[in-house]
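Worksheet: one structure, shown below.
Chains as they are written, first to last, in my numbering: chain A, 11 to 184; chain B, 6 to 458.
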């Protein structure tokens with residue numbers, strides 16, 4: 011079960027971020043600002059890396075809705091993280107068509123290479139990984155994506171994954 | 006070589022930009038519709054085209070449009086369903102990535118036909134790169150006067166926005182999508198009322214798949230009757246097929262509906278046969294939700310007629326010996342693949358994606374996943390196959406939305422056609438965890454049907 015992390019650290023959004031929120035809210039009719047919830051949660055997660063209870067409470071306040079309305083949405087959708095993750099989360103498609111072309115072996119390789127199990131974070135804080143359901147790229151499997159930009163990598167091989175991890179390691183340390 | 010209506014210019018360098026797209030005749034359908042046609046005339050052309058919803062259900066698009074309620078003073082909405090997440094399907098991602106203006110153009114023409122002043126494209130959240138592409142395309146179209154106030158001097162106003170989802174297969178179901186667009190959990194609504202009466206914010210709404218909306222462009226440019234000349238019977242026009250799994254040339258292909266299945270799978274113009282010189286074992290023809298067919302039944306119907314890539318021919322034989330067109334997610338399985346493992350994988354998917362509203366689906370998908378897991382890992386019982394069929398029957402038809410059916414069909418059809426492989430997993434449990442069952446008789450030619458006197 012997903013649960014909302016207890017955290018009291020207050021969260022304040024930057025004026026730039028709030029400006030983006032305002033632009034999103036303007037896309038919907040008057041009084042329907044709740045429609046902005048999913049896009050706003052994506053922006054918050056891109057900023058903070060995950061969604062703490064305090065962050066969600068602040069979003070609720072901004073949208074003039076109850077905190078529970080944010081929690082129930084955040085825990086329903088698979089893209090929102092309810093606890094801190096690695097800086098780079100490698101999300102590998104684990105659904106049928108990708109498995110026909112070797113997705114399971116790629117996940118085994120990532121687990122071995124990073125030395126952490128699915129959902130865990132490496133000790134340097136740089137990586138975590140998980141299997142996700144169909145990413146709609148079945149002809150180019152195995153595939154993985156990395157948020158918050160959701161950069162996409164297709165036709166994965168063990169060597170390709172090694173290279174990607176090495177690149178991210180170099181980039182992440184700077 | 007078949008004519009391409011949607012992908013004709015897909016390889017033109019820069020076709021993702023407004024200028025190049027426009028130079029290839031792009032946005033002509035908007036000009037034609039706004040300057041020379043009434044909204045109802047646009048709807049009429051789409052009706053004439055016989056276009057059927059390309060998202061999976063295959064419901065006639067023109068008819069869906071004509072159901073839209075038009076009470077005075079109430080806003081109407083067009084929402085594009087770009088929540089592509091049916092395993093095996095990747096055509097919408099392809100279209101949005103490479104030729105985004107085709108979707109934008111279709112959205113403008115369709116919104117005009119429906120009288121929508123604000124329209125949304127709901128894209129699954131994982132497709133952030135495609136969301137950025139679409140937002141750029143919208144800005145370009147707006148800059149050129151094809152969106153915003155008084156488009157092309159016609160007096161018609163339209164704003165178009167892209168909405169990201171949060172990662173949930175269920176939001177491909179149209180009422181769940183609308184809930185999600187309203188900022189809620191993606192729980193499908195009880196119908197009626199249908200979205201055409203009470204959809205987004207309780208207003209009349211049409212929800213159409215990306216490919217359906219893109220198809221409006223050639224339909225308006227060339228006329229519904231011309232479009233309807235392509236295809237066979239009630240399967241008119243062209244269809245994007247996403248070919249994946251163990252085919253030699255995976256990718257997105259635009260076919261004329263009615264293309265022989267054998268030609269699609271084996272011709273070099275399309276899939277090019279099975280990769281690595283292997284033999285075909287089974288096919289899922291329309292996305293993971295449709296019944297799986299063994300090779301022989303995929304290539305020929307039970308009456309020994311060649312199977313065609315059309316709505317009617319794919320469903321020839323009902324669920325006993327046929328399947329469905331679905332969303333066109335074509336998955337080929339070679340001789341080395343394990344049907345039990347794949348069925349377990351698909352069922353895990355449906356269990357993960359069930360929204361949890363209806364207990365038959367919420368609980369049933371979990372039970373099926375557990376039973377299939379134990380079969381695959383050598384702990385199955387002979388009674389498990391009947392148990393699975395029993396559970397699947399209790400899900401099917403007993404849920405608010407079709408996810409329950411979609412979870413039940415792959416299991417029921419796998420056991421229907423591959424029962425001996427499931428039984429082998431029980432009788433040869435230790436062997437089954439180290440090797441696969443193989444091809445068996447599935448690729449044999451069909452036995453001649455008995456002549457009933």
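Cβ atoms here follow ideal geometry from the backbone N, Cα and C, with glycine treated the same way.
Bear in mind that the values here come from a model prediction, so they are computed numbers and not experimental data.
Short Cβ contact (9 angstroms threshold) for residue 99/A with residue 150/A
The residue labelled residue 99/A in the question sits at position 89 within the first chain. The residue labelled residue 150/A in the question sits at position 140 within the first chain. No Cβ-Cβ contact shorter than 9 angstroms links residue 99/A with residue 150/A.
Using the three-state DSSP reduction, which class does residue 144/B fall into: helix, strand or coil?
Residue numbering aside, residue 144/B sits at position 139 when the second chain is read from its first letter. Secondary structure of residue 144/B (DSSP, three-state): helix.
Helix, strand or coil for residue 105/B per DSSP?
Indexing the second chain from 1 puts residue 105/B at position 100. Note: residue 105/B maps to helix in three-state DSSP.
Assuming residue 280/B contacts residue 313/B (C-beta within less than 8 angstroms), just tell me the rounded distance between them.
As a first step, residue 280/B is located in the second chain; it is residue number 275 there, counting from the start. As a first step, residue 313/B is located in the second chain; it is residue number 308 there, counting from the start. Actually they are not in contact, since the Cβ atoms of residue 280/B and residue 313/B sit about 24 angstroms apart, beyond 8 angstroms.
For residue 275/B, does the three-state DSSP call read helix, strand or coil?
The count along the second chain starts at 1 and reaches residue 275/B at position 270. In this structure, residue 275/B counts as coil in the three-state DSSP scheme.
Restricting to runs no shorter than 4 residues, where is the alpha helix (DSSP H) found entirely within the stretch 216-257 of chain B?
229-234
Helix, strand or coil for residue 127/B per DSSP?
Counting from 1 along the second chain, the entry for residue 127/B is found at position 122. The answer is strand: DSSP assigns residue 127/B an E or B state.
Does the beta-carbon distance from residue 291/B to residue 319/B come in below 9 angstroms?
As a first step, residue 291/B must be located in the second chain, where it is residue number 286. As a first step, residue 319/B must be located in the second chain, where it is residue number 314. Against a cut-off of 9 angstroms, the Cβ pair of residue 319/B and residue 291/B comes out as a contact.
Bridge partner(s) assigned by DSSP for residue 87/B:
Translated into positions along the second chain, residue 87/B becomes position 82. According to DSSP, residue 87/B bridges with 128/B.
Would you grab the beta carbon distance between residue 413/B and residue 400/B for me? Rounded to a whole angstrom, and I think it's under 8 angstroms.
As a position in the second chain, residue 413/B is number 408, starting the count at 1. As a position in the second chain, residue 400/B is number 395, starting the count at 1. That belief holds up - the Cβ atoms of residue 413/B and residue 400/B are roughly 5 angstroms apart, short of 8 angstroms.
Could you pull out every residue in the same chain whose Cβ sits closer than 6 angstroms to the Cβ of residue 397/B, ignoring the five residues on either side in sequence?
Translated into positions along the second chain, residue 397/B becomes position 392. Correct list, in chain order: 413, 416 and 417.
What do you reckon, are the CB atoms on residue 163/A and residue 174/A nearer than 9 angstroms?
To locate residue 163/A, count along the first chain from 1; it is residue 153. To locate residue 174/A, count along the first chain from 1; it is residue 164. Yes; because the gap between Cβ atoms is below 9 angstroms, this pair is in contact.
Exposure label - residue 286/B; buried when at least 16 CB within 10 Å:
The residue labelled residue 286/B in the question sits at position 281 within the second chain. Counting every other CB atom within 10 Å of its CB across the protein chains shown gives residue 286/B a total of 16 or more, marking it as buried.
Taking only runs that begin and end inside the stretch 379-436 of chain B, name each unbroken alpha helix (DSSP H) of 4 or more residues, in chain order.
Listed in chain order, they are 389-400 and 408-432.
Name, going along the chain, the residues of the stretch 187-206 of chain B whose beta-carbon falls closer than 8 angstroms to a beta-carbon of chain A.
187, 188, 189, 190, 191 and 206
For residue 96/B, count neighbouring C-beta atoms within 10 Å of its own C-beta (all shown protein chains included) and say buried if the count is 16 or more, exposed if not.
Counted from its first residue, the second chain places residue 96/B at position 91. By the neighbour-count rule (16 or more Cβ atoms within 10 Å), residue 96/B is buried.
Is there a Cβ of chain B sitting closer than 9 angstroms to that of residue 71/A, yes or no?
Position 61 of the first chain, counting from 1, holds the residue named residue 71/A. It does not: the Cβ of residue 71/A has no partner Cβ on chain B nearer than 9 angstroms.
Would you list the residues sitting across from residue 93/A in a DSSP beta bridge?
The residue you call residue 93/A lines up with position 83 of the first chain. According to DSSP, which records beta bridges pairwise, residue 93/A is partnered with nothing at all.
Can you find a C-beta in chain B that's less than 9 angstroms from the C-beta of residue 90/A?
Indexing the first chain from 1 puts residue 90/A at position 80. Residue 90/A counts as touching chain B.
If we call anything under 9 angstroms between Cβ atoms a contact, is residue 7/A one with residue 165/A?
Nothing can be reported for residue 7/A, as the shown portion of chain A is limited to 11 through 184.
Find the residues of chain B that neighbour residue 129/A, judging by a C-beta separation of less than 9 angstroms, and give them in chain order.
The residue given as residue 129/A occupies position 119 in the first chain. Simply none; closest approach about 14 angstroms.
What did DSSP end up calling residue 133/B once you bin it into helix, strand or coil?
Working through the second chain from its first residue, we reach residue 133/B at position 128. Residue 133/B falls in the helix class under three-state DSSP.
Is the CB of residue 278/B under 9 angstroms away from at least one CB in chain A?
Against the second chain, residue 278/B aligns to sequence position 273. No, no contact with chain A.
Quick one: does residue 49/A have its CB under 9 angstroms from some CB of chain B?
For the purposes of this step, residue 49/A is identified with residue 39 of the first chain, where counting begins at 1. With 9 angstroms as the cut-off, residue 49/A counts as an interface residue toward chain B.
Residue range of the unbroken beta strand (DSSP E) whose run includes residue 438/B:
Reading the second chain from its first residue, position 433 is the one you call residue 438/B. No beta strand (DSSP E) contains residue 438/B, which DSSP labels as neither H nor E.
Inter-residue Cα distance where the pair is residue 61/A and residue 187/B:
Here residue 61/A corresponds to residue number 51 of the first chain, with the count starting at 1. Here residue 187/B corresponds to residue number 182 of the second chain, with the count starting at 1. Rounded to whole angstroms, residue 61/A to residue 187/B spans 20 angstroms at the Cα level.
Using the Cα positions of residue 182/A and residue 56/A, report the straight-line distance between them to the nearest angstrom.
For the purposes of this step, residue 182/A is taken as residue 172 along the first chain, with counting starting at 1. For the purposes of this step, residue 56/A is taken as residue 46 along the first chain, with counting starting at 1. Cα-Cα distance, rounded: 16 angstroms.
So is residue 357/B in contact with chain A if we call contact Cβ pairs under 9 angstroms?
Here the question's residue 357/B lines up with position 352 in the second chain. Yes, contact with chain A.
Determine, using beta carbons only, whether residue 4/A comes closer than 9 angstroms to chain B.
Within the shown structure, residues of chain A are numbered from 11 to 184, placing residue 4/A beyond reach of any answer.
Interface residues of the stretch 84-117 of chain A facing chain B [CB-CB below 7 angstroms]:
From the stretch 84-117 of chain A, only 86, 87, 88, 89, 90, 105, 106, 107, 109 and 110 have a Cβ closer than 7 angstroms to chain B.
Proximal chain B residues relative to residue 39/A, where beta-carbon distance stays under 8 angstroms:
Taking the first chain and counting its residues from 1, the one referred to as residue 39/A is at position 29. What residue 39/A touches in chain B: 80, 123 and 206.
On the premise that residue 156/B lies in contact with residue 165/B, defined as a C-beta separation below 8 angstroms, what is that separation, rounded to the nearest angstrom?
As a first step, residue 165/B is located in the second chain; it is residue number 160 there, counting from the start. As a first step, residue 156/B is located in the second chain; it is residue number 151 there, counting from the start. In fact, because the Cβ distance is near 11 angstroms, the residues do not count as touching under 8 angstroms.
Have a look at 71/B, 370/B and 178/B and flag the residue whose alpha-carbon is nearest the alpha-carbon of residue 85/B.
Reading the second chain from its first residue, position 80 is the one you call residue 85/B. Here the closest residue by C-alpha is 178/B.
Whole-angstrom distance between residue 40/A and residue 63/A, CA atom to CA atom
Here the question's residue 63/A lines up with position 53 in the first chain. Here the question's residue 40/A lines up with position 30 in the first chain. Approximately 27 angstroms, taken between the alpha carbons.
Between residue 441/B and chain A, is any beta-carbon pair separated by less than 9 angstroms?
On the second chain, residue 441/B is found 436 positions in, with the first residue counted as 1. By this cut-off, residue 441/B is not an interface position.
Between the alpha carbons of residue 155/A and residue 220/B, how many angstroms are there, rounded?
As a working note, residue 155/A is residue 145 in the first chain. As a working note, residue 220/B is residue 215 in the second chain. Between residue 155/A and residue 220/B, the C-alpha separation is close to 30 angstroms.
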